[in-house]
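Working notes, structure below.
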Amino acid sequence: MLEHNGISQAYKDFTQADLVDPAVRAFEEHRQEFIELMREIRKKNPLISPTELQKQAEYEMITRGPKSRAFYRVQATRRLIGGGDIVKKRIDKEHNKVLDANFQMIWNPEDF
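Throughout the sequence shown, residue numbering follows UniProt numbering, covering 1 to 112 in sequence.
Have a look at this one:
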């Protein structure tokens, strides 16, 4: 069944098979990494809300990934002029877009 780290033998066989598309394999690896990261954050902050947990996990995944020299130069310039963290602002903006789309309610007075 499940081994000590929560990964089943069937999953290992699936990811190691030669028949699996490399894109699917990469997706599964990133998904497992994201899940592990969420577990780590949940252990550190057990009372965190699910949306905040997701935002922190996304931020960590982005900051762990490889970046170009240009990214670091732009980031440094923005910090010097008081622009703040590019990545954190972008994640907050995307989450606010999703929340705005979810809470949009159409009210038609003729329906009542």
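For each residue, glycine too, the CB sits at the ideal point set by N, CA and C. These figures come from a predicted structure and were not determined experimentally.
Query, Result
"Tell me which same chain residues have a C-beta within less than 6 Å of the C-beta of residue 87, skipping the five on either side of it?", "62"
"Can you check whether the CB of residue 91 is closer than 7 Å to the CB of residue 58?", "yes"
"Do you know how far the Cα of residue 70 is from the Cα of residue 54?", "27 Å"
"Could you say which of 67, 65, 68, 42 lies nearest to residue 56 if we only look at CA atoms?", "42"
"Taking a contact to mean a Cβ-Cβ separation below 7 Å, would you say residue 37 touches residue 60 in this structure?", "yes"
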